[in-house]
Structures are given as structure tokens and as C-alpha cells.
Amino acid sequence: MTTPSEDLSNGTPLTFNQLTKIYYDRYKPLYSQVQTFNEMPVELIFEVAAAWDHVTRHWMYGESEASCVDKASRHVKRAIFDAFKLILKARVDEYDELRAVDTSLINNGEFDRELIALMAEIRRDAIDARMAEGNTSAPESWSDAFNLWDKVHANCEKFNQEFYLNDKVEWARKKTQEFTSRRRWEGFGIGVAASAVVTLVWWMIVG
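Note that the numbering used here has the sequence shown beginning at 10, numbered continuously upward.
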């Protein structure tokens with residue numbers, strides 16, 4: 010059981026117990042989610058391997074717990090932030106895919122308005138999160154970056170569940186395909202008709 014002293018939420022870990030808790034509570038769920046994309050998250054694996062190397066130095070070379078945790082936590086933090094970014098990229102790809110569908114047909118355009126507003130918020134907060142994670146001068150920058158990325162991640166999952174996987178999207182996709190197919194045949198028909206007219210005029214001229 011985690012004691013109050015070990016429950017640091019999004020704060021900087023100071024002990025091996027706190028570092029382990031961040032690894033299992035924050036990193037592992039994100040890593041598991043990234044794995045579902047059928048991609049090997051090499052950058053995450055490298056960061057965790059580097060963190061483990063720093064942890065072992067406490068026993069192998071007698072380095073202090075505080076020093077080892079400080080160095081290891083930096084790698085774990087980068088691994089977590091990288092996982093957030095990979096999830097963000099996957100959701101942006103889904104958004105781009107969704108924009109190829111005429112979703113304005115859903116709920117009289119309300120679906121589109123909410124979708125665009127949500128993605129604008131995600132992009133804005135992601136920029137703030139990346140700025141915060143790069144700020145190493147302030148002690149609170151660690152928790153600030155985590156809090157911002159948590160919000161981005163929550164909105165990414167909201168987008169995935171409420172918009173990308175929305176039941177009405179498949180209906181709109183079929184309507185879009187029907188419209189595109191109809192326009193293609195209309196274009197073909199117009200082309201044939203135009204060609205026939207040109208041919209007729211030509212024969213009238215030369216005949």
C-alpha cells in the first residue's frame with residue numbers, strides 16, 4: 010500500500026518507491042495503449058532502459074538513492090511524454106481521416122462544430138504542454154507539464170470515442186462515397202456528351 014508520503018500525484022519522485030509508482034501508474038498504461046497501434050515504440054524502450062541503468066548504479070557503484078532517482082526519473086518522464094505524443098499523433102491521423110468524410114451531414118453540422126473546436130483545444134494545449142516540459146528552471150515545471158499532457162490525453166480519448174468511433178460516422182462515410190460515385194459518373198457522362206457534341210460539330214464543318 011502506498012503511504013501518503015509516496016503518493017506524489019504528478020510531482021517529482023524522490024525515492025525508488027515513488028519512481029516505481031510513477032512507472033507503474035503513469036508509464037505502463039500509456040505504453041500499453043501505444044502498443045495497440047501495432048508499432049514498436051523504440052523511443053520509449055530506450056528511455057526506460059536508460060532509467061533502469063541509473064537505478065542499478067545505486068547498488069553497483071554506491072551512488073546515492075537521490076542521485077539515481079533524479080537521473081532515472083528524467084528518462085521515465087521523457088518516456089511518458091513521448092507516449093503522450095505518440096497517442097496525440099495517432100489521434101491527429103484519425104482526425105485527418107475523418108475530415109475526408111462529409112461529417113457536416115451529422116446533427117445538422119453540430120458534429121463538425123464540436124469536432125473542430127475540440128481539435129483546436131487539443132492542438133493549443135499540446136503546444137503549451139511541450140513548452141512546459143522544456144522548462145527546467147522552475148521546480149513546478151514537472152507537474153505543470155504532466156497536468157497539461159493529462160488534459161491533452163483526456164481530450165484525445167474523448168475525440169476517439171465520441172467522434173472517430175461515433176456510430177453516425179459510418180453512415181456519413183457511405184453517404185460521402187455515394188455522392189463521390191455519383192459525381193464521378195456525372196462527370197463521365199458530361200465528358201461523353203461533350204465529346205459527342207465536338208464530334209458532331211466537326212462532321213458538320215467538314216461535311
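Glycine included, every Cβ here is placed at the ideal spot set by N, Cα and C.
So, is residue i buried or exposed, given that buried needs 16 or more other C-beta atoms within 10 angstroms?
i, result
"isoleucine 96", "buried"
"valine 51", "exposed"
"alanine 81", "buried"
"glutamate 48", "exposed"
"glutamate 119", "exposed"
"isoleucine 131", "buried"
"tyrosine 70", "exposed"
"alanine 58", "exposed"
"leucine 107", "buried"
"leucine 174", "exposed"
With the cut-off set at 7 Å, would you say residue i and residue j are in Cβ contact?
i, j, result
"alanine 92", "phenylalanine 46", "no"
"leucine 28", "valine 78", "yes"
"phenylalanine 90", "glutamate 149", "no"
"alanine 181", "leucine 157", "no"
"arginine 66", "glutamate 74", "no"
"valine 110", "aspartate 134", "no"
"isoleucine 33", "valine 85", "The question names isoleucine, yet the displayed sequence has tyrosine at residue 33. No, the pair does not count as a contact, with Cβ atoms beyond the cut-off."
"arginine 87", "glutamate 56", "yes"
Identify whether residue i lies in helix, strand or coil by the three-state DSSP scheme.
i, result
"leucine 28", "helix"
"proline 38", "helix"
"leucine 23", "coil"
"phenylalanine 55", "helix"
"glutamate 48", "coil"
Apart from the five residues on each side of it in sequence, which residues of its chain come closer than 6 Å, Cβ to Cβ, to residue i?
i, result
"tryptophan 151", "Thr21"
"leucine 124", "Phe172"
"lysine 177", "Ile115"
"valine 64", "Cys77 and Ala81"
Residues in its own chain within less than 7 Å of residue i by CB, not counting five upstream and five downstream?
i, result
"arginine 35", "Ile89"
"aspartate 121", "Thr112 and Ser113"
"glutamine 42", "Ile96"
Who are the near neighbours of residue i in its chain, counting only those whose CB is closer than 8 Å to its CB and skipping five residues on each side?
i, result
"asparagine 164", "Leu127, Glu130, Ile131 and Asp134"
"valine 207", "Interpretation of valine 207 is limited by its pLDDT of 46, a score under 50 that renders its predicted location unreliable; no figure is taken from the coordinates."
Where are the beta strand (DSSP E) runs, 3 residues long or more, that stay fully inside the stretch 63-114, in chain order?
Whole beta strand (DSSP E) segments, 3+ residues: zero.
May I have a chain-ordered list of the alpha helix (DSSP H) segments no shorter than 4 residues that lie completely inside the stretch 121-192? Taken in chain order, the complete alpha helix (DSSP H) segments of 4 or more residues contained in the stretch 121-192 are 150-168.
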